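Heads up, the sequence shown is in the numbering used here, so the first residue is 17 and it goes up one at a time.
Here a beta-carbon is modelled for each residue, glycine too, at the ideal position from N, C-alpha and C.
Treat the numbers as computed from the prediction; the structure is a model and nothing was measured.
Read through the structure below, which is laid out as structure tokens, and then see the notes.
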Amino acid sequence: MTSQRTRDRLIQRLYEEGLSSAQVLEVIRRTPRHLFVDEALAHRAYEDTALPIGHNQTISQPFMVARMSELLLADGPLDKVLEIGTGSGYQTAVLAQLVERVFSVERIQALQDRAKERLVELKLRNVVFRWGDGWEGWPALAPYNGIIVTAAAADVPQALLDQLAPGGRLVIPVGAGEVQQLMLIIREENGFSRHLLDTVRFVPLLNGPVI
17 MTSQRTRDRL IQRLYEEGLS SAQVLEVIRR TPRHLFVDEA LAHRAYEDTA
67 LPIGHNQTIS QPFMVARMSE LLLADGPLDK VLEIGTGSGY QTAVLAQLVE
117 RVFSVERIQA LQDRAKERLV ELKLRNVVFR WGDGWEGWPA LAPYNGIIVT
167 AAAADVPQAL LDQLAPGGRL VIPVGAGEVQ QLMLIIREEN GFSRHLLDTV
217 RFVPLLNGPV I
């Protein structure tokens with residue numbers, strides 16, 4: 017189930033669902049998603065579905081990983097991206113192959129520790145990790161050309177808006193219920209433009225670090 021043919025079928029499905037970035041699709045194709053899930057679920061790794069990774073968290077479905085990556089890169093290459101929610105490290109690994117540097121924040125230390133090991137195994141060395149509260153972002157290293165949030169916030173965190181560089185793009189699911197809206201926010205010269213996109217379903221963005 018982890019064969020190249022299985023991965024190719026996933027890529028064909030993503031293309032048919034409207035994803036068009038050849039660069040993003042190629043990275044999804046070559047990234048071994050089965051390494052980011054428990055061995056018992058490896059046979060489902062290339063289904064287009066979210067899967068549990070423990071700690072009441074999930075690995076996002078490949079479509080959403082590709083969709084959010086496309087939105088982030090729609091204006092061209094990015095050199096400095098902040099990821100809120102390392103989780104399994106799968107989105108992190110995809111981003112690391114698309115942008116120059118990734119700065120990833122995760123509140124659950126055990127998840128982030130495993131994600132670090134996976135990225136070392138894949139020889140992805142352009143990622144820096146921080147264990148902390150995603151609502152706070154990573155102000156010490158701001159500003160960022162792109163910010164991607166992999167959990168749903170009830171409201172857009174002000175700290176993330178503050179840490180977005182001029183012209184930068186923030187992709188974030190917003191909403192307090194089970195179903196949320198994916199939002200693209202762009203920092204313009206005189207404020208922020210906000211674009212409501214897909215209806216999505218993410219785990220909530222919670223406060224406070226956890227070991």
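When the distance is taken between beta carbons, is Val121 closer than 8 Å to Ile100?
In contact: Ile100 and Val121 (Cβ atoms closer than 8 Å).
Name, in chain order, the residues that DSSP records as bridge partners for Ser209.
Beta-bridge pairing links Ser209 to Ile202.
Between which two residues does the beta strand (DSSP E) containing Leu186 stretch?
Run containing Leu186: 180-190, per the beta strand (DSSP E) assignment.
What does DSSP give as the partner residue(s) for Val122 in the beta ladder?
According to the sequence as given, residue 122 is Glu; it is not Val. For Glu122, which the question treats as bridged, DSSP gives the partners Trp147.
Who does Thr22 pair with in a DSSP beta bridge?
Partner(s): none; Thr22 has no beta bridge.
Under the three-state reduction of DSSP, which class applies to Val216: helix, strand or coil?
In this structure, Val216 counts as strand in the three-state DSSP scheme.
Taking all protein chains shown into account, decide if Asn161 is buried (16 or more other Cβ within 10 angstroms of its Cβ) or exposed.
The residue is buried, with at least 16 neighbouring Cβ atoms inside 10 Å.
Using only CA atoms, which one of Ala38, Ser36, Pro48, Val40 lies nearest to Arg21?
Nearest of Ala38, Ser36, Pro48, Val40 to Arg21, Cα basis: Pro48.
Would you call Val43 buried or exposed, if buried means 16 or more other Cβ atoms sit within 10 Å of its Cβ?
Looking at its Cβ environment, which holds 16 or more other Cβ atoms inside 10 Å, Val43 is buried.
Between the alpha carbons of Val219 and Leu198, how many angstroms are there, rounded?
Approximately 13 Å between the Cα atoms of the pair.
Between which two residues does the alpha helix (DSSP H) harbouring Tyr106 extend?
Residues 106-112.
Can you check whether the CB of Ala158 is closer than 8 Å to the CB of Gln196?
Their beta carbons are not under 8 Å apart, which means Gln196 does not touch Ala158 by this criterion.
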